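Numbering (this note's numbering), first residue to last: 33 to 193.
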């Protein structure tokens, strides 16, 4: 289908990116990119603001929590693994004014960033936090179900022999 509408390509850049590219070539095509640099954002301040609202018993809305998803890409003193863990903690807070489906999606974003930016040892630290989330529970249940199915298949195969 052809819609004849302009397309904007945005690229989120981590705080480690030194040179921002505004064009990307792929064969004969040149794609123009609008880079969004998060280096100027401070992850520590984002967490302080969210945690202050929680201490004051204010309900966090979706727009309040969205910036937490970008903290692994921002500058700050905290390790990326700690940012992801603290983000997961806030997403599990009962004071969120969000649908469970939105919380799952946000947890998935933090999970994807953990896989992208953390090494194996750091992932082990984050694994425990992810296991305690709604997303972690879903992953566990899926794994358990597949394990049961494989066990049943092996049992049937043994009976046939």
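Backbone N, C-alpha and C fix where the C-beta goes; we use that ideal spot for every residue, glycine too.
Remember, predicted model here, so these are calculated numbers, not experimental data.
Sequence-distant residues of the same chain with beta carbon closer than 7 Å to residue 118, five excluded per side:
79
What distance in whole Å lies between the Cβ atoms of residue 88 and residue 96, which are believed to be in contact at a cut-off of 8 Å?
Actually they do not touch by this definition, with Cβ atoms about 12 Å apart.
Below 8 Å between beta carbons: does that hold for residue 92 and residue 151?
no
Which whole-angstrom value is the C-beta distance of residue 169 and residue 113, which I expect to be below 8 Å?
Not really, about 21 Å apart at Cβ, beyond 8 Å.
Report yes or no: is there a C-beta of chain B within less than 8 Å of the C-beta of residue 131?
The chain inventory of the structure shown lacks chain B, comprising one protein chain alone.
With residue 106 and residue 123 assumed to form a contact (beta carbons below 8 Å), what rounded beta-carbon distance in angstroms separates them?
Not quite, the Cβ-Cβ distance comes to about 17 Å (not below 8 Å), so this is no contact.
Report the three-state DSSP secondary structure of residue 124 (helix, strand or coil).
coil
For the beta strand (DSSP E) containing residue 101, list its first residue and its last residue.
Note, residue 101: premise wrong, no beta strand (DSSP E); alpha helix (DSSP H) at 94 to 101.
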